[in-house]
Amino acid sequence: MAGYLIAELNVTDQDLFAEFATKIVELVKAYDGSYLVRGGETEVIEGDWSPQRVVVIEFDSYERVQAFAHSAEYKELAEIRSNSSTSSTIIVDGV
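According to this note's numbering, the sequence shown holds residues 938 to 1032 in order.
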């Protein structure tokens, strides 16, 4: 069963975030992940959620997304991301 990483981001430093975005793509590939959503237009249909950017990444399994999210490489890149944006990120088991 697939596993997913879902993130909401509001970019505060475009240049630094660009560095993160370039590096995270390679790490996602290394863990056999694929982007289902990476930015793009959003429309709030209920509630007051207004993300600037939404990302959904699919991995082969929940265990694989856990390995990605808890890896030393991801933690290093997460520091760059946190210095260039505000974000909320979850991992979830697919059906």
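Don't be surprised by glycine CBs; every beta carbon is placed ideally from N, CA and C.
All figures in this text were calculated on a predicted structure; none of them were measured in a lab.
Distance check between residue 1022 and each of 1006, 979, 990 places 990 closest, using alpha-carbon atoms only. Taking residue 953 as the centre and dropping the five residues before and after it, the same chain places the C-beta of 1017, 1020, 1021 closer than 8 Å to its C-beta, in chain order. Within 10 angstroms of the beta-carbon of residue 942 lie 16 or more other beta-carbons, which makes it buried. Separation of residue 980 and residue 1001 (C-alpha to C-alpha, rounded to the nearest whole angstrom) is 30 Å. In this chain, the alpha helix (DSSP H) harbouring residue 952 covers 951-967. Looking from the CA of residue 1005, the closest CA among 986, 946, 967 belongs to 967.
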